[in-house]
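Numbering (this note's numbering), first residue to last: 697 to 864. Just so you know, even glycine gets a beta-carbon here, dropped at the ideal spot from N, CA and C. No experiment lies behind these values; they were computed from the predicted model shown.
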């Protein structure tokens with residue numbers, strides 16, 4: 697340090713001080729404003745980026761709320777559509793059951809009518825067959841009765857006796 701004090705020159709000190717002050721003035725005049733302006737621009741850019749990020753965050757929250765709302769509406773609409781589909785299915789099943797029941801009743805009625813018709817035809821055929829058999833039996837009995845002369849006379853007398861009783 698002593699050497700510094702020994703080599704100290706006041707003229708050199710003044711010149712260096714003037715140069716330093718000149719340099720500071722030049723810096724203030726030409727460099728300080730652009731540096732401050734760029735710092736201010738940077739600060740404003742950062743602030744606008746923060747504001748934009750906050751705005752984007754709010755928009756994202758709004759979008760999420762809208763998405764939740766749309767999702768709820770879609771779920772409600774899906775439930776409504778499923779309910780309508782179930783109701784339509786049940787109605788179609790009921791309609792099909794009613795139609796099948798009507799068809800079954802119609803078929804049963806036709807079958808009953810066919811059975812009645814067949815029964816009448818069978819009864820008519822049976823009566824005709826019985827009448828034919830009765831005629832054959834009566835014919836055989838009458839032949840057998842009329843083939844014998846004694847039986848013929850007895851039958852005639854019997855018929856005449858019944859005839860005279862009815863007249864009296």
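- Beyond the five residues adjoining it in sequence on each side, residue 803 comes within less than 6 Å, by CB distance, of no other residue in the same chain.
- The three-state reading of DSSP puts residue 703 in coil, since its state is none of H, G, I, E or B.
- A straight-line Cα-Cα distance of about 22 Å links residue 732 and residue 747.
- Residue 788 has its alpha-carbon roughly 14 Å from the corresponding atom of residue 779.
- Between the C-alpha atoms of residue 853 and residue 845 there is a straight-line separation of about 12 Å.
- Inter-residue distance for residue 818 and residue 829 is about 16 Å (C-alpha atoms, whole angstroms).
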